[in-house]
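Chemist:
In the numbering used here, the protein residues as written are 217 to 302.
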């Protein structure tokens, strides 16, 4: 019996694809992301892979958020991002 059944098997290594993010209050990212890279400064609101909602006041161009991201919300997000897809 494994003690690790509740853990998610996350990839190790580079993203498989880098795609523009279209924020939405109702839809998750199509493939999920394990990081975001800011392409235009502003605020950010996300839902993490575990379901927590995270709000930030300011992200700067070129800044990374190394986090399992399920959704980038339209409400509360003014920055533009690219997602590293799983």
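Every residue gets a Cβ at the ideal spot worked out from N, C-alpha and C, and that includes glycine.
Note down the Cα distance separating residue 279 from residue 270, rounded to an integer number of angstroms.
Modeler: Position 63 of the chain shown, counted from the start, is the residue given in the question as residue 279. Position 54 of the chain shown, counted from the start, is the residue given in the question as residue 270. The alpha-carbon atoms of residue 279 and residue 270 are separated by roughly 16 Å.
Chemist: Could you give the DSSP three-state label for residue 296: helix, strand or coil?
Modeler: Position 80 of the chain shown holds residue 296. Residue 296 falls in the strand class under three-state DSSP.
Chemist: On a CA-only basis, which of 247, 241, 233 and 294 is nearest residue 272? Give me that one, please.
Modeler: Translated into positions along the chain shown, residue 272 becomes position 56. Residue 272 has its Cα closest to that of 294, out of 247, 241, 233 and 294.
Chemist: So, residue 241 versus residue 289, is the Cβ gap smaller than 8 Å?
Modeler: Along the chain shown, read from residue 1 onward, the residue named residue 241 stands at position 25. Along the chain shown, read from residue 1 onward, the residue named residue 289 stands at position 73. Going by C-beta atoms, residue 241 is nearer than 8 Å to residue 289.
Chemist: Do you know offhand how far residue 268's Cα is from residue 281's?
Modeler: Position 52 of the chain shown holds residue 268. Position 65 of the chain shown holds residue 281. Spanning the two alpha carbons is a distance of roughly 15 Å.
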